[in-house]
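Q:
In my numbering, the protein residues as written are 2 to 74.
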């Protein structure tokens, strides 16, 4: 049999969350900000917050993706 190796569920979840962060980074880039995204996941595996860099649009030097995600969680 030719079976493709399957990813573990944990790795599949990690890939999913990284893709969400990359989508946030794309939003940041499209709005003229540096392309950074962040996702916070709770202990049940649910997304608590997903945000992107907003430094240039808000003129707030602390509006990095991870800080925005923490604020939104």
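Just so you know, even glycine gets a beta-carbon here, dropped at the ideal spot from N, CA and C.
By DSSP's criteria, residue 73 is part of a beta bridge. Which residues make up the other side?
A: Working through the chain shown from its first residue, we reach residue 73 at position 72. Its beta-bridge partners do not exist; DSSP assigns none.
Q: Which same chain residues end up closer than 8 Å to residue 21 when comparing Cβ atoms and leaving out the 5 residues on each side of it in sequence?
A: To locate residue 21, count along the chain shown from 1; it is residue 20. Excluding residues within five positions, the ones whose Cβ falls inside 8 Å are 38, 40, 48 and 51.
Q: Looking at C-alpha atoms only, which residue of 11, 45, 66 and 43 is the closest neighbour of residue 27?
A: As a working note, residue 27 is residue 26 in the chain shown. Answer by Cα proximity: 66.
Q: Residue 76 bridges to which residues according to DSSP?
A: No answer is possible for residue 76: it lies beyond the span of the chain, which begins at 2 and ends at 74.
Q: Run through DSSP, which three-state label would residue 66 get?
A: In the chain shown, the residue the question calls residue 66 occupies position 65. Residue 66 falls in the helix class under three-state DSSP.
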